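**Student:** Before anything else, here's the structure in question.
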Amino acid sequence: MHSMFKTRPLVGASALLLAACGTVEPQKPLALPTAPAPVSYDGHVAGEATDYVFVLVPDSNPSTPGLAMRAGESLHLALSPAFNRNASVPIVSDRDTSLVLTKGWPQGAVPLAGQYRVDFVEKDHALTVTALQDIAADGGNAPGIKIIHLRGRSFTNPATGGYPVTVAHRSAEGKVLAVWQGGMRVQEEMLEARLAPTNFHVPPGSNTDFQTVATGQAAPMHLGLLLWGADGALLNGVGVAPRDINRFPRLLPPPEN
């Protein structure tokens, strides 16, 4: 579901953003896929509240470990200054209303309370997540941190176009442990319709994806989908049917020589 696009023209601007965050050790940047958050229909539209996800670990399979953080380590999310800070919405360090870390699936939050804080660094135009204690990639936080979700009307999207974004993982002493670079694509207008996965219908923290089901048996949890029409109108009473193989044939790879 993560929309991909070329970010090569944005690398130079991303480097400037990273340099603005202070002196750092050379790091080979990792790719940073970004996408509109699955809980809104206009979070990627020009002039609307910014609502994006930044994918640090692309494999959403719960068996694939995510990131762990030691106490004092931080994740530094540097946005382009074109994303205007909405001063009427405070960024509260002990609340996840502006930013939340997730385990790789919708509503799969790594709980903020007692584990990390969120701060806005104005000079860097960046949000910083700082671990208050060791955040392990097992136990209640399993499989670890995979996605940063920026939300809560804290920023407003700029005009249509592509904008650089950088995430830096730093030690408590300020050493750069890893860097991700990518781009945020802002659209001119809302889509006529949008579909996104959701887990709002199951207990908190549950993941309806990657269920193991025997042939002929029903999955223990129903899959959930959010559907929006024009101007964000909810689409209800929409059924899910098997794929029409005649209308939408599966694309097969070319035969090997």
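All you need for our numbering is the position in the sequence shown, starting with 1, plus 13. Beta carbons: idealized from backbone N, C-alpha and C, even for Gly. All values reported here derive from a predicted model rather than from experimental measurement.
So is THR141 buried or exposed if we call it buried at 16+ other beta carbons inside 10 Å?
**Tutor:** Numbered from its first residue, the sequence shown carries residue 141 at position 128. Looking at its Cβ environment, which holds 16 or more other Cβ atoms inside 10 Å, THR141 is buried.
**Student:** Tell me, to the nearest whole angstrom, how far the beta carbon of SER167 is from that of ILE258; I am working on the premise that it is less than 8 Å.
**Tutor:** In the sequence shown, counting from the first residue as 1, residue 167 sits at position 154. In the sequence shown, counting from the first residue as 1, residue 258 sits at position 245. Contact doesn't hold; Cβ gap of about 45 Å is too wide.
**Student:** Which of helix, strand or coil does DSSP assign to ASN97?
**Tutor:** Along the sequence shown, one-based indexing puts residue 97 at 84. ASN97 falls in the strand class under three-state DSSP.
**Student:** Going by the beta-carbon positions, is the gap between ILE158 and VAL66 smaller than 9 Å?
**Tutor:** Mapped onto the sequence shown, residue 158 falls at position 145. Mapped onto the sequence shown, residue 66 falls at position 53. Cβ distance not < 9 Å, so ILE158 and VAL66 don't count as in contact.
**Student:** Indicate whether the contact test is met: 3 or more Cβ pairs, each with one atom in the stretch 97-115 and one in the stretch 180-196, closer than 8 Å.
**Tutor:** no
**Student:** Can you round the beta-carbon distance between ALA139 and ALA81 to whole angstroms, since I take them to be within the 8 Å contact cut?
**Tutor:** By one-based count along the sequence shown, residue 139 stands at place 126. By one-based count along the sequence shown, residue 81 stands at place 68. Contact doesn't hold; Cβ gap of about 22 Å is too wide.
**Student:** Can you find the residues in the same chain that come closer than 6 Å, C-beta to C-beta, to GLU61, ignoring five residues on each side of it along the sequence?
**Tutor:** Locating residue 61 in the sequence shown gives position 48, where the first residue counts as 1. Excluding sequence neighbours, GLU61 sits near ASP55 and ASN170.
**Student:** Taking VAL123 as the reference, which of ILE148, THR110 and LEU88 has the closest Cα?
**Tutor:** In the sequence shown, the residue the question calls residue 123 occupies position 110. For VAL123, the nearest C-alpha among the options comes from ILE148.
**Student:** For a test of the three-state rule: what should DSSP assign to ALA243, helix, strand or coil?
**Tutor:** One-based indexing of the sequence shown puts residue 243 at position 230. In this structure, ALA243 counts as helix in the three-state DSSP scheme.
**Student:** On the three-state DSSP scale, how would you describe ASP137?
**Tutor:** Indexing the sequence shown from 1 puts residue 137 at position 124. Of the three classes helix, strand and coil, the one that applies to ASP137 here is helix, per DSSP.
**Student:** Counting only runs that start and end within the stretch 47-133, where is the beta strand (DSSP E) found for 3 or more residues in a row?
**Tutor:** With a minimum length of 3 residues, the continuous beta strand (DSSP E) runs that stay inside the stretch 47-133 are 47-49, 65-68, 87-91 and 112-115.
**Student:** Which residue or residues does DSSP assign as beta-bridge partners of GLY237?
**Tutor:** In the sequence shown, counting from the first residue as 1, residue 237 sits at position 224. Bridge partners of GLY237: THR211.
**Student:** With C-beta atoms as the reference, is GLY237 less than 9 Å away from THR221?
**Tutor:** As a first step, residue 237 is located in the sequence shown; it is residue number 224 there, counting from the start. As a first step, residue 221 is located in the sequence shown; it is residue number 208 there, counting from the start. Yes, these two residues count as a Cβ contact at 9 Å.
**Student:** Report the option in VAL134, ALA232 and LEU239 whose CA atom is closest to the CA atom of LEU247.
**Tutor:** Counted from its first residue, the sequence shown places residue 247 at position 234. Looking only at VAL134, ALA232 and LEU239, the smallest Cα-Cα distance to LEU247 is reached by LEU239.
**Student:** In whole angstroms, give me the CA-to-CA distance for MET234 and VAL215.
**Tutor:** Along the sequence shown, read from residue 1 onward, the residue named residue 234 stands at position 221. Along the sequence shown, read from residue 1 onward, the residue named residue 215 stands at position 202. Looking at the two C-alpha atoms, the distance is approximately 8 Å.
**Student:** Out of curiosity, what's the CA-to-CA distance linking PRO262 and LEU125?
**Tutor:** Along the sequence shown, read from residue 1 onward, the residue named residue 262 stands at position 249. Along the sequence shown, read from residue 1 onward, the residue named residue 125 stands at position 112. Taking the straight line from one Cα to the other gives about 44 Å.
**Student:** Consult DSSP for MET197 and reduce its assignment to one of helix, strand or coil.
**Tutor:** Residue 197 sits at position 184 when you count from the first residue of the sequence shown. MET197: strand per DSSP, three-state reduction.
**Student:** Between which two residues does the beta strand (DSSP E) containing ARG256 stretch?
**Tutor:** Here residue 256 refers to the residue found at position 243 when the sequence shown is read from its first residue. For ARG256, no beta strand (DSSP E) run applies, since DSSP gives it neither H nor E.
**Student:** Between the C-alpha atoms of PRO46 and VAL68, what's the straight-line distance to the nearest angstrom?
**Tutor:** Mapped onto the sequence shown, residue 46 falls at position 33. Mapped onto the sequence shown, residue 68 falls at position 55. A direct Cα-to-Cα measurement between PRO46 and VAL68 gives close to 5 Å.
**Student:** Return the first residue and the last residue of the beta strand (DSSP E) that ALA181 is part of.
**Tutor:** Residue numbering aside, residue 181 sits at position 168 when the sequence shown is read from its first letter. Looking at the DSSP string, the run of the beta strand (DSSP E) that includes ALA181 is 174-183.
**Student:** Can you tell me the Cα-Cα spacing of ALA50 and GLN120, whole angstroms?
**Tutor:** As a working note, residue 50 is residue 37 in the sequence shown. As a working note, residue 120 is residue 107 in the sequence shown. Straight-line Cα distance between these residues: approximately 11 Å.
**Student:** Of the residues ARG98, SER111, GLU201 and SER219, which one's Cα is nearest the Cα of GLY153?
**Tutor:** As a first step, residue 153 is located in the sequence shown; it is residue number 140 there, counting from the start. Measuring from the Cα of GLY153, the nearest candidate turns out to be SER219.
**Student:** Which same chain residues, not among the five before or five after GLN200, have their C-beta less than 8 Å away from its C-beta?
**Tutor:** In the sequence shown, the residue the question calls residue 200 occupies position 187. Excluding residues within five positions, the ones whose Cβ falls inside 8 Å are HIS57, VAL58, ALA59 and THR173.
**Student:** Over what stretch of residues does the beta strand (DSSP E) that includes ILE160 continue unbroken?
**Tutor:** Position 147 of the sequence shown, counted from the start, is the residue given in the question as residue 160. Taken as a continuous stretch (DSSP letters only), the beta strand (DSSP E) holding ILE160 covers 160-163.
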